[in-house]
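The structure appears right after this line, and notes come after that.
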Amino acid sequence: MAVNPPDTHPTPFELSPVYLMARSQLRETGKYLPDIDPGIIRRLEFPKRSMVVSVPVNMTDGQTQMFIGYRVQHSLTSGASKGGLRYAKNLDLGEVTALAMWMSWKCGVMNLPFSGAKGGIAVDPATLTLKEKQQLTRRFTDEIHSIIGPRIDVMAPDMGTDEQTMSWIYDTYSMKVGYACPEIVTGKPVELGGCVGRREATGRGVVYCIEMAAAQHGLKLSECTAVVQGYGNVGSVTCEELHKRGVKLLGLGDRYANLYNPRGIDLAALARHVNAPENTRRTIDAFPGAEKITPAELLAIKCDILVPAAMERVITGENANQVNCKLLAEGANGPTTPEADAILNAKGVFIIPDVLCNAGGVTVSYFEWVQDLAQFMWDEERVNKELQKQMAKAYVAVRAKAELHRVSMRTAALIIGVEKVAREKAMRGLYP
Ligand code: NAD
């Protein structure tokens, strides 16, 4: 395989451990695809296009503050690129690039007509007023206007962003093009052309995967225990859906606190606590119905199902040996490092990898985009039925690939995702 000359500078992505992790997964996957031209795998190591923008905001205190925003389109081979927008304090280009790459494989696994993208702004959203967040979002949208569009790149919520953020992007883009263009983003409020069930889609998809994995391993969900890290969009819906199936939630964590209750956390009381008007950070902290533990203790609780649903690289070579679950369902993107993956596989933990497990979000985003383009909206029953069908189809395909090659579900999912994009690239050829 051709490599860059040894004396060249590392690319800006290569400074990021998250990017290096995504690239090493791609290179490993390439070994299972002997009939794919290594030059195509090489092309897939690099994003097609990355944009870094400075975003000035007049803050409430009268000062002008500068924020750095990113939009990375890993590929445009399979259709418009698709991926979330993340507001997080330490965000960098490498992390966004890795997340964009994972989106490509995820769209491939789900057989969606999208390529992968991701974006974000390096900011702690908890430090912004609503007005500042709106200004930041609108100016960012304006700065990246030249590389987004309903047929080019479509954003959706991710960590630190939500339906309101998508509404501002929709409005800013529409003001610029001169007509209402709801298909520029997904994950909008239903009133603005959003899809019913999109908010819940990722968590629901996670739990559909858990149901299939539990059946595969002879586990009865009504007798299972679970631990969830993250109580945002993905984590909270995952908790609710697990609860509906009779799973007992032993532990739960967010950015501010980690909780443990061996008798099971009372989810209804917890939701009241988190949504109380005085709980402005919407945190599980100070919930009285559980004892406080450390983040390390949370991930080490003995349980049947562990769901990391917060952020990447939380299960590492250092703590994987303490993880004590039967199923690991990756609600977050990239929560398990390759070192941890090897340790968990050796311990017999069954991992439902992120590119499959949390793909419910992008799947219903696809439904939303289709509905907006057609100007014909579906009801929730149809959305959920289609979501369940697509998740089951993808799970069965990944499982079959894993059995065929005698590899983990992660390797199998990556083989499917990478192969789809690589074959499309090969068929289209190299321009010019
Ligand atoms: P969110 O912002 O709604 O929630 C994030 C949660 O993680 C919050 O509870 C927050 O307190 C917690 N958290 C943040 N930092 C933490 C830390 N250091 N330790 C423990 N908890 C921490 O975000 P979300 O949309 O639920 O996304 C969560 C993960 O799921 C991300 O990895 C995201 O990329 C992935 N994901 C989201 C979607 C979606 O549709 N929202 C789809 C696919 C994947």
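All residue numbers for the sequence shown refer to the working numbering, where the first residue is 125 and numbers rise by one. Ideal placement from N, C-alpha and C gives every residue a C-beta, glycine not left out. All of these numbers come straight from a predicted model, not from anything done at the bench.
Element boundaries [alpha helix (DSSP H), containing residue i]
i      : result
Thr289 : 287-301
Leu254 : 254-267
Ser489 : 484-498
Asp465 : 462-471
Ala537 : 533-552
Ile165 : 162-168
Tyr143 : 141-154
His397 : 391-399
Start-to-end residues for the beta strand (DSSP E) that takes in residue i
i      : result
Glu504 : No beta strand (DSSP E) contains Glu504, which is instead part of the alpha helix (DSSP H) from 504-529.
Met234 : From DSSP, Met234 is part of no beta strand (DSSP E); its letter is neither H nor E.
Val351 : 349-353
Ile475 : 474-476
Ala453 : 451-453
Ile429 : 429-432
Expected contact under 8 Å - CB spacing of residue i and residue j to nearest Å
i      : j      : result
Ile192 : Ala246 : 5 Å
Val196 : Ala241 : 6 Å
Ala414 : Leu452 : With a Cβ gap of about 22 Å, Ala414 and Leu452 do not count as contacting.
Cys231 : Ser202 : 6 Å
Leu374 : Ile425 : 6 Å
Cys427 : Glu454 : Wrong, their Cβ atoms sit about 15 Å apart, outside the cutoff.
Glu335 : Gly311 : Between Gly311 and Glu335 the Cβ distance is about 24 Å, and since that is not below 8 Å, they are no contact.
Asp248 : Lys213 : 4 Å
Pro306 : Gly321 : Pro306 to Gly321, Cβ: 16 Å. No contact.
Cys319 : Gln499 : Incorrect: roughly 13 Å between the Cβ atoms, too far for contact.
Ile408 : Tyr355 : 5 Å
Val546 : Ile165 : Note that residue 546 corresponds to Ala in the displayed sequence, not to Val. Confirmed, about 7 Å.
Gln258 : Asn182 : So it is not a contact: roughly 12 Å between Cβ atoms.
Ser140 : Ala222 : 7 Å
Leu157 : Glu543 : 6 Å
Gly377 : Leu345 : Contact flag wrong, Cβ pair sits at about 21 Å.
Strand pairing of residue i, partner residues [DSSP]
i      : result
Asn182 : Thr188
Ala222 : None, per the DSSP bridge assignment.
Asn382 : Gly377, Ile417
Gly243 : Arg195, Leu209
Met283 : The partner list for Met283 (beta bridge, DSSP) is empty, contrary to what the question assumes.
Asp248 : In the DSSP output, where bridge partners are listed per residue, Asp248 has none listed.
Asp277 : Ser205, Gly273
Arg173 : Gln197
Ile425 : Bridge partners of Ile425: none, in fact.
Ile439 : Thr460
Any non-hydrogen atom of ligand 3 closer than 7 Å to residue i Cβ
i      : result
Arg437 : For the structure depicted, ligand 3 is absent and the ligand set comprises only ligand 1.
At a cut of 8 Å, does the region 226-238 reach the region 136-145 through at least three beta carbon pairs? The region 226-238 makes no contact with the region 136-145; the number of CB pairs closer than 8 Å stays below 3.
Does the region 439-446 come into contact with the region 369-383, if we say contact requires no fewer than three beta-carbon pairs (one atom in each stretch) closer than 8 Å? Cβ pair count under 8 Å is below three, so no.
Can you confirm whether the region 348-360 touches the region 522-538 when touching is taken to mean that 3 or more C-beta pairs between the two stretches lie within less than 8 Å? Output reads no: the region 348-360 does not touch the region 522-538.
Start-end ranges of the alpha helix (DSSP H) lying completely within the region 306-373, minimum 4 residues: With a minimum length of 4 residues, the continuous alpha helix (DSSP H) runs that stay inside the region 306-373 are 322-340, 357-368.
Touching by the beta-carbon criterion (3+ pairs, under 8 Å), the region 387-394 and the region 427-443: Proximity of the region 387-394 to the region 427-443 falls short of the contact definition, fewer than three beta-carbon pairs being nearer than 8 Å.
Any contact of the region 535-542 with the region 466-483, i.e. 3+ C-beta pairs under 8 Å? Enough Cβ pairs lie closer than 8 Å, so yes.
Three or more beta-carbon pairs under 8 Å between the region 164-178 and the region 482-492, yes or no? At 8 Å Cβ cutoff, the stretches do not touch.
Hey, is the region 323-337 in contact with the region 497-513, meaning 3+ C-beta pairs nearer than 8 Å? Because the criterion of three Cβ pairs below 8 Å is met, the region 323-337 and the region 497-513 touch.
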